[in-house]
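So the sequence shown is residues -8 to 170, counted in the working numbering. Cβ coordinates follow ideal geometry from the N, Cα and C atoms, glycine included. Please read all numbers here as calculations on a predicted model, not as lab measurements. Structure first, then comments.
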Amino acid sequence: QKWLNLAIKNGSTPAKLVLGQLVATNAVKGDIDSYLLARAKKDDTHAQLVLAMNYLKQKKNEEQAIYWLKQAASHGDFAPLLELAKIYEQKPGEKNKQEALHWYKAAADLDSHDALMKLGDLSYKDQKYREACDYYRRSIMRDHLAIGHSKHRASPQRACADGDALAKAGKLAEAAKVY
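Okay, structure coming up:
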């Protein structure tokens, strides 16, 4: 752990990832939260995210988890945005639903495949088929990573062409299913 901490202090991203994995699996002993808190206060995005996830995992303090997720999100990474969306999505009430949508849309603005798919699903559920089609299409075409995770892995262009043809014909619900 001493060498890991030294590597992290020197800015090693792989070391930060290893620490996050060790924290997640409870393999590291000691007061990791204090260490993460000190790093998070120094604007270390990864420490902010790991600290927040640790708070959530241990059900310690959801308010602090949300605070640190928002801090991490301010650095332009979609992972904390997705976590914020999931937190609010699990809470009851229309205000929380709107807050979840806000965070999903922020992640989608950063081309998060998961956020685009979730927004497509939510739009489809609400019978907003044009919107669902747009989100699904973006998720398929955003880049090769999205294509790799798409249900249309072999032929995303074909899925888009089929969906586009149905949408153009006014069959939006069917088009959303194709995407």
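Item: Stretch pair the stretch 115 to 122 + the stretch 71 to 87: three plus CB contacts closer than 8 Å; Value: no
Item: Cβ neighbours of residue 120 in the same chain (closer than 8 Å, five flanking residues each side left out); Value: 114, 163, 164, 166 and 167
Item: Three-state class that DSSP yields for residue 83 in the structure shown; Value: coil
Item: Length of the line joining the Cα atoms of residue 100 and residue 66; Value: 14 Å
Item: CB contact flag (residue 47, residue 54, <8 Å); Value: no
Item: C-alpha distance - residue 69 paired with residue 51, whole-angstrom precision; Value: 23 Å
Item: Exposure of residue 161, with buried meaning 16 or more beta-carbon neighbours within 10 Å; Value: exposed
Item: Supposed close pair residue 129, residue 151 - CB separation, criterion 8 Å; Value: Contact doesn't hold; Cβ gap of about 10 Å is too wide.
Item: Assigned exposure category for residue 71 - 16 Cβ within 10 Å defines buried; Value: buried
Item: Among 106, 158 and 112, the one whose alpha carbon lies nearest that of residue 133; Value: 106
Item: Residue 59 beta carbon less than 8 Å from that of residue 39; Value: yes
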